[in-house]
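Chemist:
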Amino acid sequence: MKTWILSNNIDNPTQIALLHDNPTITPLADCQYVACVAEPEAKDMKSERLPKFQIAGGVYAKFNFEGIHGDMLKFIHWVHHEWMVKSEYETTTKPSYVIYHKNNFLEEDERFDVSFYVSITY
């Protein structure tokens, strides 16, 4: 992905993680996610070798969250097992996703700043 970003001269790409599993109920070894980059609008891409998709529309609860490596699992647990229960919303089968404003996997201090989105219905 990094090669694709550099080949297409994309500055400050929007990094997204599409979460196919809830890591608070699925064993971590079995969790799947897709690392994504938002394609800049009106940019002529030199390579179309990576697959494209759109995140499903609908209503999502958005949480802005900062932390260090390891905090994300606790936060996701809180969203699903505390906030969701008290809110009277229910989640849907659409995957949750994370937009990274600061990616702990790319930072020496392992800190992140994210927006976490979970699909909801009433």
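Heads up: the sequence shown begins at 1 in full-length UniProt numbering, then just goes up one per residue.
In this text, a Cβ means the ideal position worked out from N, Cα and C, and glycines have one as well.
1) K2 to L106, Cα distance in whole Å?
2) Which word fits Y122, buried or exposed, when buried means at least 16 other C-beta atoms lie within 10 angstroms of its C-beta?
3) So K94 and S119 are in contact, right, with Cβ under 8 angstroms, and what is the actual spacing, rounded?
4) Are E66 and K102 touching if we call contact CB-CB under 9 angstroms?
5) Start and end of the alpha helix (DSSP H) containing V85?
6) Note down the Cα distance separating T26 from Y33, rounded to an integer number of angstroms.
7) Starting from K2 and walking both ways along the alpha helix (DSSP H), at which residues does that stretch end?
8) Give every residue of the same chain whose Cβ lies closer than 6 angstroms to the Cβ of E110, excluding the five residues on either side of it in the sequence, and list them in chain order.
9) Which of the three DSSP states, helix, strand or coil, is assigned to I76?
10) What does the Cβ neighbour count give for S96, buried or exposed, with the cut at 16 atoms within 10 Å?
11) DSSP three-state call for L50: helix, strand or coil?
12) In this structure, how does DSSP classify residue 127 when only helix, strand and coil are distinguished?
13) Excluding sequence positions up to five away, which residues of its chain have a Cβ less than 7 angstroms from the Cβ of P23?
Modeler: On the basis of the coordinates in this document:
1) Taking the straight line joining both Cα atoms gives about 12 angstroms.
2) Y122 is exposed by the Cβ-count criterion.
3) Going by Cβ atoms, the distance from K94 to S119 rounds to 4 angstroms, so yes, they are a contact pair.
4) Here E66 is near K102, since their CB atoms are less than 9 angstroms apart.
5) 84-87 is the extent of the alpha helix (DSSP H) around V85.
6) Distance between the alpha carbons of T26 and Y33: 12 angstroms.
7) Looking at the DSSP string, the run of the alpha helix (DSSP H) that includes K2 is 2-7.
8) Hits under 6 angstroms: I68, H69, N104.
9) In the structure shown, I76 sits in a helix (DSSP, three-state: H, G or I).
10) By the neighbour-count rule (16 or more Cβ atoms within 10 Å), S96 is buried.
11) Look at L50 here: in three-state DSSP terms it is coil, with no helix or strand label.
12) Residue 127 lies beyond the residue range present for the chain, which begins at 1 and ends at 122; the question has no answer from this structure.
13) Excluding positions up to five away in sequence, the list reads C31, L73, I76.
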